[in-house]
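Encoded as structure tokens, the structure appears first; notes follow it.
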Amino acid sequence: CPTRALTMTNEFELADSTRKDLIYTKDQLLAGLTEGMVDSPHAIHPGTDEQDYYRGLVTEAAPGTVRQAAVSRGEPAVVDSEPVAPAEGAPAAPAPAASPAASAGSAAKPGQEGQG
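Numbering (my numbering), first residue to last: 200 to 315.
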């Protein structure tokens, strides 16, 4: 690296006179919550974990979750919203995953191919 590239000038965007002043804590980096925002961590549906979410097994909000308006999509901002109620006829909990053992019992056993 050329030495001239390391020369600091008065033209810089993020600089300070001490190294300590350049180290930011989590609290300094996080933006504050504005009105209508829900603090994290958000509730996970009872009886599930984060893997269930990625498998598509969680189909509704956790009980007591307050619906947030999608202001970026033109929905009006909601203040003091009621908790989200499960849809009528919707299951109260996520659907159970099919176990590999259950599906293995219906598979053809070796040596039985073509028999029927």
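Where a beta carbon is used, it is the ideal one built from N, C-alpha and C, also for glycine. In this text, all values refer to a predicted model and were calculated from it rather than measured experimentally.
Inclusion of residue 263 and residue 242 in the CB contact set at 8 Å is warranted, their separation being smaller than that value. The beta carbon of residue 222 sits closer than 7 Å to none of the beta carbons in its chain outside the five residues before and after it.
Rounded to whole angstroms, residue 275 and residue 269 show a C-alpha spacing of 8 Å.
Boundaries of the alpha helix (DSSP H) around residue 228: 225 to 228. Residue 261 and residue 253 have their alpha carbons spaced roughly 16 Å apart. In the DSSP annotation of this structure, the continuous segment of the alpha helix (DSSP H) that includes residue 249 starts and ends at 249 to 254. Here DSSP, grouped into helix, strand and coil, assigns residue 265 to strand. Put simply, the backbone Cα of residue 215 is about 28 Å away from that of residue 232.
Spanning the alpha carbons of residue 228 and residue 248 requires a straight line of approximately 28 Å.
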